[in-house]
Amino acid sequence: RENFGRYDHIPCELFRINNSRSVILRGYTKQIELGRTSYDLRIQKDGLVHPRLGPMFEGPNGASVRPNGPFLQELVRVFEETNSVIYRLPEGTRLPPDLVCLHEHTEHHSIQCAVPMTLHQLNTKITEFFHKYGEEMTKSEFEERYPFI
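Counting in full-length UniProt numbering, the sequence shown runs from 1 upward without gaps.
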């Protein structure tokens, strides 16, 4: 599938549901070792996360974000982490030069690295971006502000 867009800013109001205030992306190899099938990115042989430069969607490579809509609302509805945080990222917010937003498919977007970096660096950069520019909400605050469709 072809990516729908690559942006140096947040192209529309986007949300991330997170287990805590910090973004902790899950590498493929570690998840498989734990017997899990869901992951956020693949760490390459050099130990770094690399940007996806091609036009085609090649699988997860960063922090998933979505606009408000039925799919996001269902995710919020079933998310049961007690320390969960929902980040709202305002449309037009500029990303730092080492991050990029990809509209990968359907309504799914992803905040990814624009240059190679370690997983720790990527987690730190995305967390700092969310803390500086994102609005934090609890599940109940989200549900009150964005009534379920």
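All C-beta atoms in this analysis are idealised placements derived from N, C-alpha and C, irrespective of residue type, glycine included.
- Taking 8 Å as the upper bound for CB-CB distance, Glu91 and Ile10 are in contact here, some 6 Å apart.
- The beta carbon of Gly47 sits closer than 8 Å to the beta carbons of Thr118 from its chain, once the five residues preceding and following it are set aside; these are given in chain order.
- Listed in chain order, the non-local C-beta contacts of Tyr28 below 6 Å within the same chain comprise Tyr39, Arg42, local neighbours out to five positions each way being set aside.
- For Tyr87, the enclosing beta strand (DSSP E) stretches over residues 85-89.
- When the Cα atoms are used, Phe57 and Ile126 turn out to be separated by approximately 21 Å.
- Leaving aside the five residues that flank Phe129 on each side, the residues in its chain whose CB is nearer than 8 Å to its CB run, in chain order, Leu95, Pro96, Leu99, Ile111.
- Thr93 and Tyr133 do touch by the CB rule: their CB atoms are close to 5 Å apart, below 8 Å.
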